[in-house]
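Read in the working numbering, the sequence shown has 137 at position 134, and its numbers run on one by one without any break. Cβ atoms here follow ideal geometry from the backbone N, Cα and C, with glycine treated the same way. The model shown is predicted, which means the values in this text are computed figures rather than measured ones.
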Amino acid sequence: MNTPLSSIKRWRVQIFAITWLAYAAFYFTRKAFSVAKLGIVDDPSFPLDKMMMANLDGIYLAAYAVGQFTWGMLADRFGPRVVVLGGLLISAAAALVMGTFATLPIFVTCMLIQGLAQSTGWSGLCKNLGSFFPAQQRGRVLGLWSSCYAFGGLVASPFAGWWAYTLIGTWHAAFISSAAVVAVVAVLFFIFQRNTPQDVGLPAVEPEPEQTAAEKNASVLEPLRAILRNRTVLTLGLAYFLLKPARYAILLWGPVIVYEQMPSVGKVGAAIVPTAFELAGLLGPIMIGMASDKLFGARRMPACVLSLLALTVALALFMGALHTGSVALVMALLFVMGLTLYGPDSMISSTAAIDFGTAKAGATAAGFVNGCGSVGAILGGLLPGYFDTVTVFIVFAGAALFSSLVLMPYWNARPAVLAQVGDFVPDRERAINPLRT
4 MNTPLSSIKR
14 WRVQIFAITW
24 LAYAAFYFTR
34 KAFSVAKLGI
44 VDDPSFPLDK
54 MMMANLDGIY
64 LAAYAVGQFT
74 WGMLADRFGP
84 RVVVLGGLLI
94 SAAAALVMGT
104 FATLPIFVTC
114 MLIQGLAQST
124 GWSGLCKNLG
134 SFFPAQQRGR
144 VLGLWSSCYA
154 FGGLVASPFA
164 GWWAYTLIGT
174 WHAAFISSAA
184 VVAVVAVLFF
194 IFQRNTPQDV
204 GLPAVEPEPE
214 QTAAEKNASV
224 LEPLRAILRN
234 RTVLTLGLAY
244 FLLKPARYAI
254 LLWGPVIVYE
264 QMPSVGKVGA
274 AIVPTAFELA
284 GLLGPIMIGM
294 ASDKLFGARR
304 MPACVLSLLA
314 LTVALALFMG
324 ALHTGSVALV
334 MALLFVMGLT
344 LYGPDSMISS
354 TAAIDFGTAK
364 AGATAAGFVN
374 GCGSVGAILG
384 GLLPGYFDTV
394 TVFIVFAGAA
404 LFSSLVLMPY
414 WNARPAVLAQ
424 VGDFVPDRER
434 AINPLRT
């Protein structure tokens, strides 16, 4: 018979695994259009120029940003299970339609739906993890868990590219194959996921204050109001807004940028080269999570600032590397960019957001910060379609530098719940005094 301790350990492993898999799966339908672009460019039956493709990315990212601000509140109220499962199923359906019907009105509609569906994932799944792991462990746990979106991006492009251009021979297969992966993961999520330890008869991992009658009947918007009064969370949102454009430019336009500058690598090669960026992303979140917990005593900002300064240099050098024509050099620099971008990206949008948000508004805080980043990501989708690549990456380098400067005043900030390890700080105090050190 399992003891409560062994049971919580088993459920932590299970929840970690299924939520990791769920968010990684989202990247298959998210990356499908970036791979399909390579074939659409040469498809006379569906004429889309770069500017129109950028507009479609902008529609997707705008919907994604709106969803981030919305789904976090709903995940806090109704739980991640309903919100995330619905997002997986709708995302798969939208990708299937895009792979089946090639018309501009359908693509516009489906990109809008896809953005809303994709945005269910981050805030709800971060809350799910936060419910099973205490604050003292979240830096390294969420750092390891955040490798999910790097892994998803790493395998999604080659997977879709292989189906589209090697196995089937048409860009439509990029969407259809990706939809199939997400549909399978949705079934697994339904079977293995639970919202909280209490749902499986276990106690909460951290003490929870009793709710007053007014708090129980509070509006679904109340967590958002608390977040908007939290200066640390607002600063994280600004930093993430500045950081996100570079990642999404590489995510959505990486194959096109590489193919334009280095056409000799071919279309499948152009889809594979940017995976060096995501490969490094597997390590970045793990390294920064361990550093923040072990080296900086649960202070999240020092590791973020140092990573962002290194990222600034890598972004500034990227176009020079492309112009050399060296695949090895380009992939090496993409690896450095991934290492120094994915680390602070995951830290700001997950661990720090949950740490400095309130216990009852964890998903809202993660959703708010990621929503701010998603507004910035719109620029990552649009700028490569409207401006030359050199200008775009100079702007990204400047934004990364400014993001590090924004976080520097919070170098010594720690979440109030960890101000004295073992003490529980009520939500109200944490919201009022987020910078207890």
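- CA-to-CA, the gap between residue 119 and residue 27 works out to about 17 Å.
- Contact between residue 115 and residue 66 holds: CB atoms are separated by about 5 Å, below the 8 Å threshold.
- For residue 131, the enclosing alpha helix (DSSP H) has its first and last residue at 124 to 135.
- When the alpha-carbon of residue 203 is set against those of 416, 409, 370 and 17, the nearest one is in 17.
- Residue ranges of uninterrupted alpha helix (DSSP H) with 4 or more members, entirely inside the stretch 326 to 405 and ordered along the chain, are 330 to 349, 356 to 359 and 365 to 389.
- Between residue 110 and residue 59, the gap from beta carbon to beta carbon is short of 8 Å.
- With contacts defined by Cβ atoms closer than 8 Å, residue 179 and residue 102 form a contacting pair.
- Annotation for residue 151: 23, 26 and 27 place their beta carbon closer than 6 Å to its own, counting only its chain and skipping 5 residues before and after.
- Relative to residue 113, the option among 160, 312, 32 and 46 whose CA is nearest is 32.
- Note on geometry: alpha-carbon atoms of residue 328 and residue 264 lie some 8 Å from one another.
- Nearest Cα to residue 69 within the set 279, 122 and 159: 122.
- For residue 338 against residue 249, the beta-carbon gap comes to about 15 Å, at or over 8 Å, which does not count as contact.
- Under the three-state reduction of DSSP output, residue 278 falls in the helix class.
- Look at residue 301 here: in three-state DSSP terms it is coil, with no helix or strand label.
- Of the other Cβ atoms in all chains shown, 16 or more fall within 10 Å of the Cβ of residue 34; this residue is therefore buried.
- Annotation: residue 201 to residue 144 spans about 20 Å, alpha carbon to alpha carbon.
- Linking residue 382 to residue 407 through their CA atoms gives a straight-line distance of about 19 Å.
- Inclusion of residue 288 and residue 345 in the CB contact set at 8 Å is warranted, their separation being smaller than that value.
- Sequence-distant partners of residue 199 (beyond 5 residues in either direction) whose C-beta falls short of 6 Å from its own C-beta, in its chain, are 134.
- Distance between residue 162 and residue 93, taken at the CA atoms: about 21 Å.
- Taking a contact as a CB-CB distance under 8 Å, the pair residue 37 and residue 254 counts as one, their CB atoms being some 7 Å apart.
- Contact between residue 384 and residue 57 is confirmed by a C-beta separation of about 6 Å, below the 8 Å threshold.
- Put simply, the backbone Cα of residue 146 is about 17 Å away from that of residue 239.
- Residue state for residue 15 is assigned as helix, using DSSP reduced to three classes.
- For the pair residue 281 and residue 374, the CB atoms are not nearer than the 8 Å cut-off.
- Taking the Cβ atoms as the reference, residue 29 lies roughly 5 Å from residue 124, within the contact range of under 8 Å.
- Residue 48 places its beta carbon 8 Å or farther from that of residue 349.
- The beta carbon of residue 77 is closer than 6 Å to those of 86 in its chain, skipping five residues each way along the sequence.
- Taking C-alpha positions only, residue 132 is separated from residue 82 by approximately 12 Å.
- Note on residue 296: 16 or more other CB atoms within 10 angstroms of its CB, so buried under the neighbour-count rule.
- Per DSSP, reduced to three states, the secondary structure at residue 73 is helical.
- In this structure, residue 336 lies away from residue 312, with their beta-carbon atoms at least 8 Å apart.
- Looking at the backbone, the Cα of residue 334 and that of residue 279 are separated by about 6 Å.
- If you ignore the 5 residues before and after residue 262, its C-beta comes within less than 6 Å of the C-beta of 273, all in its own chain and listed in chain order.
- The C-alpha of residue 392 lies about 11 Å from the C-alpha of residue 318.
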